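K.L.:
My structure is below; once you've seen it, I'll send some questions.
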Amino acid sequence: MKHLIDPMDLSLEEIDHILTLAQDIIDHKEKYSQVCRGKKLATLFFEPSTRTRLSFEAAMMELGGNVLGFSSANSSSSAKGESVGDTVKVVSCYADIIAMRHFKEGAPMLASMKSDVPIINAGDGGHNHPTQTLTDLLTIKREKGRLSDLTIGLCGDLMFGRTVHSLIKAISRYENIRFVLISPEELKIPDYIRTEVIESNNIPYMEVTSMEDVIGDLDILYMTRVQRERFFNEADYIRLKDSYILDNSKLALANQNLSILHPLPRVNEIAVEVDDDPRACYFRQALNGKYVRMALIMTLLGLEADE
Amino acid sequence: MNIDSIQNGIVLDHITAGKALQIYNDLHLDKLDCSVAIIKNVKSRKMGKKDILKIDQSIDINLDVLGYIDPDISVNIIKDGELIEKKKIELPERLVGIKKCTNPRCITTTEQGIQHIFKLTDRENRIYRCIYCEADK
């Protein structure tokens, strides 16, 4: 049984299959409207989420399936002290597939060791967020027409930003990728991502603190939010939260082919004035998230559309 | 100082000086009824000084524990006063229940009854990562 816990759980062929399927779903929505009829997705969200949970639920509904679950730890048995392992064992009696978000890193991995049905990691603390990565890859592929030969700037909280870690791991496997890592000193990417992913794959990269100096060199600018919930110390959060704000004056330095991505939600790191710029892809990216999750659910359940 | 040679048991030799007590604890040798000798700071031509552990009973040794602490340790099996086998120690691919993850964000810090498992990710630098959160702590 296949789970999706880490973006590296998927081979390049499997990713290609999911992205191709997602594009086919976009092009032929009717064909897929009953693929999951009679199937149930459980969304176990121990940590609040809007777009990830709703996009999973919308994805299952558009495939003709049903959804059950909870949207915070307080409304689950974990509030009574039930372990993650027990919760998952019970829910796997009721659902055909589980999407799980948890504030503790590694919780979905634990769940996959206990579950009788496929587990999808919908985000575990500051660790991984593989379905966001699939969303990002689909967006890059649709916007750029390729997943290779790209200079990718990642900006903001690179230390706790799980979407950044997952994207770096996944896209490092494609040809001619270059990374420009833009962050304050305190929020640089973890050493293990730098050494075991970027350097071990001989991928060119640079670490800078100024967005203006490098924005003109980028094909992709991946913006992230400095996340309050990842800080133990409120003072550190307040000091760093406004480190990088993309507005039209900075965007004027970028080339016309830039694609701006953001996993959302944004707070203020992208000025609203940028939304109208054709280079802003983040709302199209959110829509892609639904389609790629439809493709993933079908793939993990081993379902195909009738021709 | 003289320590009697053993008739049937195990001699752990070439232990990095200072690590014998850690091995004694991690192998739970305190649970044994037989004689166990911890010999510290023995002069060694190869190592300068080393520790030795002598266990006066044939037991199953968790070689993964030894491999994780120090893969250069020699494990000598003694029977009827004779050396009958030298076991080769390797850096284990996985550590199961040997060390605990100390990342406060890891699920292992809150989930009851969870087995702490680490995988070897960098043999050269002997780096193990928690299979759950991937921290190397």
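Taken in sequence, the protein lines are chains A and B. Numbering-wise (this note's numbering), the first sequence opens with residue 11 and increments by one. Numbering-wise (this note's numbering), the second sequence opens with residue 24 and increments by one. Where a beta carbon is used, it is the ideal one built from N, C-alpha and C, also for glycine. Predicted model only: the values in this text are computed from it and were never measured.
L114 (chain B) and L143 (chain B) look like a contact to me (Cβ under 8 Å); what is the Cβ gap, rounded to whole Å?
P.N.:
Position 91 of the second sequence holds residue 114 (chain B). Position 120 of the second sequence holds residue 143 (chain B). Confirmed, about 6 Å.
K.L.:
If we ignore side chains and look at the alpha-carbon of each, how far apart do K198 (chain A) and L191 (chain A) end up?
P.N.:
Counting from one through the first sequence, the residue named residue 198 (chain A) turns up at place 188. Counting from one through the first sequence, the residue named residue 191 (chain A) turns up at place 181. Their backbone Cα atoms lie some 8 Å apart in a straight line.
K.L.:
For Q203 (chain A), which residues from the same chain have a beta carbon less than 7 Å from its beta carbon, with the 5 sequence-adjacent residues on both sides left out?
P.N.:
Here residue 203 (chain A) refers to the residue found at position 193 of the first sequence. Note that residue 203 (chain A) is Ile in the sequence shown here, rather than Gln. Once the five neighbours on either side are set aside, the close Cβ partners of I203 (chain A) are H175, I178.
K.L.:
If we count the other Cβ atoms within 10 Å of its Cβ and call it buried at 16 or more, is R146 (chain B) buried or exposed?
P.N.:
On the second sequence, position 123 is the one that residue 146 (chain B) refers to. When all chains shown are included, R146 (chain B) counts as exposed.
K.L.:
Considering only their Cβ atoms, is the gap separating D146 (chain A) from H112 (chain A) smaller than 8 Å?
P.N.:
Here the question's residue 112 (chain A) lines up with position 102 in the first sequence. Here the question's residue 146 (chain A) lines up with position 136 in the first sequence. Their beta carbons are not under 8 Å apart, which means H112 (chain A) does not touch D146 (chain A) by this criterion.
K.L.:
Contact criterion: CB-CB distance below 8 Å. Does I137 (chain B) meet it with respect to chain A?
P.N.:
Position 114 of the second sequence holds residue 137 (chain B). True, the Cβ-Cβ gap to chain A drops below 8 Å.
K.L.:
To test your reading of the DSSP string, which unbroken alpha helix (DSSP H) runs of 4 or more residues are found completely within the stretch 130-178 of chain A?
P.N.:
Counting only runs of 4 or more, we get 140-154.
K.L.:
Looking at the structure shown, is E217 (chain A) part of a helix, part of a strand, or coil, going by DSSP?
P.N.:
Here residue 217 (chain A) is taken as the residue at index 207 of the first sequence, counted from 1. Correct three-state label for E217 (chain A): strand.
K.L.:
By the criterion of Cβ-Cβ separation under 9 Å, what are the contact partners of S93 (chain A) in chain B?
P.N.:
The residue labelled residue 93 (chain A) in the question sits at position 83 within the first sequence. Ordered by position in chain B, the residues that pass the 9 Å Cβ test against S93 (chain A) are T133, E134, Q135, G136, I137.
K.L.:
So which residues on chain A does N126 (chain B) lean against when the C-beta distance must stay under 9 Å?
P.N.:
Along the second sequence, one-based indexing puts residue 126 (chain B) at 103. Here the neighbours are E115, G116.
K.L.:
Does the stretch 49-68 of chain A come into contact with the stretch 109-126 of chain A, if we say contact requires no fewer than three beta-carbon pairs (one atom in each stretch) closer than 8 Å?
P.N.:
As far as the Cβ criterion goes, the stretch 49-68 of chain A touches the stretch 109-126 of chain A, which means the pair count is three or higher.
K.L.:
Check distances from the C-beta atoms of the stretch 203-233 of chain A to those of chain B and list, in chain order, the residues that come in under 7 Å.
P.N.:
The residues in question are E206.
K.L.:
For the alpha helix (DSSP H) containing E24 (chain A), name the first residue and the last one.
P.N.:
Here residue 24 (chain A) refers to the residue found at position 14 when the first sequence is read from its first residue. Taken as a continuous stretch (DSSP letters only), the alpha helix (DSSP H) holding E24 (chain A) covers 22-37.
K.L.:
Please classify G95 (chain A) as buried or exposed, where buried requires at least 16 neighbouring CB atoms within 10 angstroms.
P.N.:
The sequence position of residue 95 (chain A) within the first sequence is 85, counting from 1. G95 (chain A) comes out buried.
K.L.:
So with Cβ pairs under 8 Å, would you call C129 (chain B) a contact of chain D?
P.N.:
The chain inventory of the structure shown lacks chain D, comprising the protein chains A and B.
K.L.:
By how many angstroms is the C-alpha of S125 (chain A) removed from the C-alpha of K110 (chain B)?
P.N.:
To locate residue 110 (chain B), count along the second sequence from 1; it is residue 87. To locate residue 125 (chain A), count along the first sequence from 1; it is residue 115. K110 (chain B) and S125 (chain A): Cα-Cα distance of roughly 39 Å.
K.L.:
Go through the stretch 90-117 of chain B residue by residue and report every complete run of the beta strand (DSSP E) that reaches 3 residues or more, in order.
P.N.:
Fully enclosed beta strand (DSSP E) runs of 3 or longer: 97-102, 105-110.
K.L.:
Beta carbons nearer than 9 Å to chain B: which residues of the stretch 131-156 of chain A have them?
P.N.:
Flagged, chain order: D134, G135, G136, H137, N138.
K.L.:
From A:T173, A:V101, A:C165, A:T205, pick the residue whose C-alpha is nearest to that of G79 (chain A); which is it?
P.N.:
Counted from its first residue, the first sequence places residue 79 (chain A) at position 69. Here the closest residue by C-alpha is A:V101.
K.L.:
Below 8 Å between beta carbons: does that hold for I15 (chain A) and N131 (chain A)?
P.N.:
For the purposes of this step, residue 15 (chain A) is taken as residue 5 along the first sequence, with counting starting at 1. For the purposes of this step, residue 131 (chain A) is taken as residue 121 along the first sequence, with counting starting at 1. For I15 (chain A) and N131 (chain A), yes; Cβs fall inside 8 Å.
K.L.:
In three-state DSSP terms, what is K122 (chain B)?
P.N.:
Within the second sequence, the letter at position 99 stands for residue 122 (chain B). Three-state DSSP puts K122 (chain B) in coil, outside helix and strand.
K.L.:
Following the continuous alpha helix (DSSP H) through F66 (chain A), name the residue where it begins and the one where it ends.
P.N.:
Against the first sequence, residue 66 (chain A) aligns to sequence position 56. It spans 61-72 - the alpha helix (DSSP H) in which F66 (chain A) sits, taken as one unbroken run.
K.L.:
Quick one, which of A:L306, A:P128, A:P273 has its alpha-carbon nearest F293 (chain A)'s?
P.N.:
Residue mapping note: residue 293 (chain A) aligns to position 283 of the first sequence, counting from 1. Residue A:P273 is the option with its Cα nearest to F293 (chain A).
K.L.:
Pairs of beta-carbons, one from the stretch 148-157 of chain B and one from the stretch 214-233 of chain A, closer than 8 Å: are there three or more?
P.N.:
Short answer: they don't touch.
K.L.:
Mind listing the chain A neighbours of C156 (chain B)? Cutoff is C-beta to C-beta under 7 Å, in chain order.
P.N.:
If you number the second sequence from 1, residue 156 (chain B) lands on position 133. Near C156 (chain B) (Cβ distances below 7 Å), the residues of chain A are E115, G116, H137.
K.L.:
Considering only C-alpha positions, which residue in the set A:H27, A:G166, A:I36 is nearest to V277 (chain A)?
P.N.:
Counted from its first residue, the first sequence places residue 277 (chain A) at position 267. Checked all of A:H27, A:G166, A:I36; the closest Cα to V277 (chain A) is A:G166.
K.L.:
With DSSP as the reference, label N170 (chain B) as helix, strand or coil.
P.N.:
Residue coverage of chain B in this structure runs from 24 to 160, which leaves residue 170 (chain B) outside it and unanswerable.
K.L.:
Would you tell me roughly how many angstroms separate the C-alpha atoms of N85 (chain B) and A158 (chain B), rounded to the nearest one?
P.N.:
As a working mapping, residue 85 (chain B) is identified with position 62 in the second sequence. As a working mapping, residue 158 (chain B) is identified with position 135 in the second sequence. Each residue's Cα considered, the two are about 24 Å apart.
K.L.:
Touch check for the stretch 31-43 of chain B and the stretch 67-81 of chain B: three-plus C-beta pairs under 8 Å?
P.N.:
Touching, yes, given that three or more Cβ pairs across the two stretches are closer than 8 Å.
K.L.:
Distance, Cα to Cα, L164 (chain A) vs I225 (chain A)?
P.N.:
The residue you call residue 164 (chain A) lines up with position 154 of the first sequence. The residue you call residue 225 (chain A) lines up with position 215 of the first sequence. When rounded, the distance between both Cα atoms is 10 Å.
K.L.:
Taking the alpha-carbon of M71 (chain A) as reference, which of A:E314, A:D246, A:I307 has the nearest alpha-carbon?
P.N.:
On the first sequence, residue 71 (chain A) is found 61 positions in, with the first residue counted as 1. When each option's Cα is compared against that of M71 (chain A), the closest is A:I307.
K.L.:
Starting from R152 (chain B), trace the beta strand (DSSP E) in both directions and tell me its first and last residue.
P.N.:
Here residue 152 (chain B) corresponds to residue number 129 of the second sequence, with the count starting at 1. R152 (chain B) -> beta strand (DSSP E) spans 150-153.
K.L.:
Would you mind telling me which residues of chain B sit closer than 7 Å to M119 (chain A), beta carbon to beta carbon, in chain order?
P.N.:
The count along the first sequence starts at 1 and reaches residue 119 (chain A) at position 109. By Cβ distance, chain B contributes I154, Y155.
K.L.:
Starting from N258 (chain A), trace the alpha helix (DSSP H) both ways and give me its first and last residue.
P.N.:
Position 248 of the first sequence, counting from 1, holds the residue named residue 258 (chain A). Looking at the DSSP string, the run of the alpha helix (DSSP H) that includes N258 (chain A) is 258-261.
K.L.:
What does T39 (chain B) reach in chain A if we use C-beta pairs closer than 9 Å?
P.N.:
Indexing the second sequence from 1 puts residue 39 (chain B) at position 16. Within 9 Å Cβ-Cβ: nothing; T39 (chain B) doesn't reach chain A, min ~26 Å.
K.L.:
Could you please give me the residues that DSSP links to F293 (chain A) through a beta bridge?
P.N.:
Within the first sequence, residue 293 (chain A) is the residue found at index 283, counting from 1. Answer is none; F293 (chain A) lacks a bridge partner.
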